[in-house]
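Student:
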Amino acid sequence: MNSDETSEGRNVLLKGLWKENPVLVAVLGMCPALAVTNSAINALAMGLASLFVLMSSSFLVSLFRNLIPKQVRITAYIVIIATFVTIVDFLLAAYSPVIHKELGAFIALIVVNCLILGRQEAFASKNRPGMALLDALGMGLGFTGALLAIGVIREILGSGSLFGIDLFGANFEPWVIMVLPPGGFFTLGFLLLGINWFTQRSIKEKENHG
Amino acid sequence: MNEEPLWSIFINASLINNFVLAYFLGICPFLGVSGKIGTASKMGGAVTFVMIISSMAAYGLHGLLVAINAPFLQLISYIVVIASTVQLVEMIIKKISPELFRALGIFLPLITTNCAILGLALFQTSKGYGFLQSFVYALGAGAGFTLALILMAGIRENLEFAQVPKVVKGTVITLLAAGILSLSFMGFSGLSG
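Chains as they are written, first to last, in my numbering: chain A, 848 to 1057; chain B, 7 to 199.
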């Protein structure tokens, strides 16, 4: 591999982590990002399950990209994604029934996560399997990271614990609202607010210096 | 077999466990199509229609899958049925009312990736609803989705005239408004006995 390809690969991998982060910048895959992030462990499990589905289906779609006819491509992608989601569903039910029960139907709903279908259409169907894997890894890790951030905030404020470990002792009065549905909207809203503020400030700074 | 009465299923699906504001299903169209009240109500109607048809289809499909003992095919068969239902609805609307077809535009095919529809099919299966119960459940879920969409569109139409700081414009203010709306919908939980 020459240096051009290495740096291209690195860009493909890194853009999903921050610059084009699926949740925080592109606002894709909102349903799982809000629904299962009421504790850090749920958020992490959901992120990793999506990462697995995204990587395997990106690889397969990229491998078959010249064989799938254009007219039925969306259906073909969905069937491929649904296959891997079924695998994850059954694996989780077998190895970690507690988490499987907590996440419930949301594991099955990975099928309709717009992030996964979007990456197949926008990237995997046009690139070599290696690149598609890197892209899927970056996007999947970005997704997991964003979910984990929301989950950590909601769990600390809403139950006063992190990964189930009590942080503040008995005197802490938990903000119950944070683990309930409205807390999801508020947490994501304020996270985006922080990011907006940060980007606008750095643009301003650049203008002042330039 | 679930013995829940029909009215309770309807109130549950539309208000107490509102699909958008309590279950976070169908957030993408909720944020994307809630700009204007007119579009929002049409979108709500189309989604309700697809929900009812695919709920009926899922009920039949579940019976078939149980009969041939292949539960691992559930997810794949549901999503394929939903995708083809959406395609069918698209063709019917195009034939019967070209005006409505033009008004809905791109939102019609996008209903396929609306998680509220697949979620509905999965929930009704896991709750073990009968035929009539599934129908009422789909009707309630659709009504709740339409209600949430129209309420949100009303809020956003008013926000157009409000003086909003630059950093919270767009997604941020919409999410915060949705949070407050979701907070007020929690009041309905007192309705469940």
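Using N, Cα and C, we set each Cβ at its ideal position, and we do this for glycine too.
In this text the structure is predicted, and so the values were computed from the model without any measurement.
In chain B, which residues lie less than 9 Å from Ile925(A) when you measure between Cβ atoms?
Tutor: Per Cβ cutoff of 9 Å: Ile82, Ile85, Val86, Ala89, Thr118, Thr119.
Student: For Met877(A), count neighbouring C-beta atoms within 10 Å of its own C-beta (all shown protein chains included) and say buried if the count is 16 or more, exposed if not.
Tutor: Answer is buried; the Cβ neighbour count reaches 16.
Student: Chain A partners of Gly185(B), CB-CB under 7 Å?
Tutor: Per Cβ cutoff of 7 Å: Pro1029, Phe1032, Phe1033, Gly1036.
Student: Could one say the Cβ of Leu860(A) lies closer than 9 Å to chain B's Cβ atoms, at least one of them?
Tutor: Chain B, which has no Cβ nearer than 9 Å to the Cβ of Leu860(A), makes this no.
Student: Who are the near neighbours of Ile1042(A) in its chain, counting only those whose CB is closer than 7 Å to its CB and skipping five residues on each side?
Tutor: Counting only Cβ-Cβ distances below 7 Å, and skipping sequence neighbours, we find Leu871.
Student: Of all the CB atoms in chain A, is at least one closer than 9 Å to the CB of Tyr135(B)?
Tutor: Tyr135(B) does not count as touching chain A.
Student: Is the distance from the Cβ of Phe55(B) to the Cβ of Gly150(B) below 9 Å?
Tutor: Going by C-beta atoms, Phe55(B) is not nearer than 9 Å to Gly150(B).
Student: Determine, using beta-carbon pairs with one atom in the segment 126-133 of chain B and one in the segment 46-55 of chain B, whether at least three such pairs fall under 8 Å.
Tutor: Output reads no: the segment 46-55 of chain B does not touch the segment 126-133 of chain B.
Student: Using the Cα positions of Ala19(B) and Phe137(B), report the straight-line distance between them to the nearest angstrom.
Tutor: Going by the C-alpha atoms only, they are around 16 Å apart.
Student: So with Cβ pairs under 9 Å, would you call Ile33(B) a contact of chain A?
Tutor: Judged by the 9 Å Cβ criterion, Ile33(B) is in contact with chain A.
Student: Within the continuous alpha helix (DSSP H) that includes Gly1038(A), where are the two ends?
Tutor: One detail in the question is off: residue 1038(A) reads as Leu in this sequence, not Gly. Here the alpha helix (DSSP H) through Leu1038(A) covers 1028-1056.
Student: Which of the three DSSP states, helix, strand or coil, is assigned to Leu914(A)?
Tutor: Reduced to three states, the DSSP call for Leu914(A) is coil.
Student: What is the rounded straight-line gap between the Cα of Glu968(A) and the Cα of Val883(A)?
Tutor: Between Glu968(A) and Val883(A), the C-alpha separation is close to 26 Å.
Student: Rounded to the nearest angstrom, what separates Met848(A) and Thr1034(A) at their Cα positions?
Tutor: Note that Met848(A) scores 48 on pLDDT, short of 50, meaning its location in the model is unreliable and no value can be drawn from it.
Student: Where does Leu875(A) sit, in a helix, a strand or coil, going by DSSP?
Tutor: In the structure shown, Leu875(A) sits in coil (DSSP, three-state: anything other than H, G, I, E or B).
Student: What would DSSP say about Ile74(B), mapped onto helix, strand or coil?
Tutor: In this structure, Ile74(B) counts as coil in the three-state DSSP scheme.
Student: Hey, how far is the Cα of Leu860(A) from the Cα of Glu852(A)?
Tutor: Whole-angstrom Cα-Cα distance: 12 Å.
Student: Residues of chain A with CB under 7 Å from Asn128(B), in chain order?
Tutor: The sequence given here places Leu at residue 128(B); Asn does not occur at that position. Residues of chain A passing the Cβ test: Ala952, Ala955.
Student: Val26(B) and Phe36(B) look like a contact to me (Cβ under 8 Å); what is the Cβ gap, rounded to whole Å?
Tutor: Indeed, because the Cβ distance is near 5 Å, the residues count as touching under 8 Å.
Student: Just to confirm before moving on: does the CB-CB distance between Lys42(B) and Ala183(B) stay below 9 Å?
Tutor: No, the pair does not count as a contact, with Cβ atoms beyond the cut-off.
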